[in-house]
Amino acid sequence: MKLRRKTHLTIKKVTEDLDGGFHFNTAISAVMELVNEMYDVMAKPNVTNPISGDILKEAVTAVIVLLSPFVPHLAEELWQALGKRSSIFKSEWPSYDKSAILEKVVTVVIQINGKLRSRIDVPFDMNEDELKRSVLGDAKVKDLIRDKAIRDFIVVPKKLVNIVCSISKD
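Residue 138 is where the sequence shown starts when you use our numbering, and the numbers rise one by one after that.
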C-alpha cells in the first residue's frame, strides 16, 4: 500500500508541477523518489505484506507516462516494451486516486519531559482520548513514568505527544 500511495502522490505532484508553472526540476525529482521507492520495495520483500503485481505494474506504467514529456524517445521505447501497441502520446495522462493518497496510519512521537522516548504508529483518524490511552499503553512509556505523577499531557494531533511528569509521585 505504501508504493500505491507514493505512486498517486507522485502523479499528483508531477501534474501540479507541469500545470502550475512548469516546475520541471521538482517534477523529475518526484519521479526519482518514486523510482527509489520501487527499488526499496523490490530489494526488501515484505513477507507479511507482499507487494501486489498490479500495484507494481501501476507504478511502472505511471513512471513511464510521467517521464514522457521529459524523455519522449525513451518513454516511447519503454511503453512499447510493456506491450502497448499505440504510442504513449495517445495514452491518457494518469490521474491520481484521492483515497490512495490519504494517510491511514501516522507515526506519533512520544516525549517525556521534552525528550524523545518512543514512537508509535496509530490510525490517522484516532481521537485524542484514544491516542492518550495508546501512548500510556506503550511499554517504554509505562516503564519510564511508572513512579512519576503526570502533570500535563500535551498533544499535537497526528505528530507528537509530550508527557510532563514530576520527579516522583509524592
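Note that beta-carbon positions come from the ideal geometry of N, C-alpha and C, so glycine has one too.
Which residues in the same chain as residue i place their Cβ atom closer than 6 Å to its Cβ, once the five residues preceding and following it in sequence are excluded?
i, result
"tyrosine 233", "His145, Ile148 and Lys149"
Flag this pair as yes or no: are the beta carbons of residue i and residue j separated by less than 8 Å?
i, j, result
"leucine 297", "valine 243", "no"
"leucine 171", "lysine 194", "no"
"alanine 167", "valine 178", "no"
"isoleucine 249", "isoleucine 282", "yes"
"valine 259", "leucine 268", "yes"
"valine 293", "glutamate 265", "no"
"alanine 199", "proline 231", "yes"
"proline 209", "leucine 155", "no"
Could you check where the beta strand (DSSP E) with residue i kicks off and where it finishes?
i, result
"arginine 254", "252-260"
"leucine 297", "297-302"
"valine 243", "242-249"
Counting only the same chain and skipping the five closest in sequence on each side, list residues whose C-beta sits under 8 Å from that of residue i.
i, result
"arginine 256", "Thr244, Val245, Val246 and Ile247"
"leucine 211", "Leu204"
Less than 7 Å between C-beta atoms, sequence neighbours within five positions excluded: which residues of the same chain meet that for residue i?
i, result
"arginine 288", "Val301, Cys302 and Ser303"
"isoleucine 188", "Leu140 and Val178"
When DSSP labels each residue in this structure, what does residue i get in the three-state scheme?
i, result
"aspartate 266", "helix"
"isoleucine 289", "Note on identity: in this sequence residue 289 is aspartate, with isoleucine being the wrong assignment. If DSSP states are grouped into helix, strand and coil, aspartate 289 belongs with the strands."
"tryptophan 230", "coil"
"proline 187", "coil"
"aspartate 156", "helix"
"arginine 141", "helix"
"lysine 149", "helix"
What residues are listed by DSSP as bridge partners for residue i?
i, result
"proline 162", "Note that residue 162 is asparagine in the sequence shown here, rather than proline. Per DSSP, none; premise fails for asparagine 162."
Check for me: the alpha helix (DSSP H) holding residue i runs from which residue to which?
i, result
"valine 278", "276-282"
"proline 209", "209-218"
"serine 205", "Unbroken run through serine 205: none, as it is neither H nor E."
"serine 236", "235-238"
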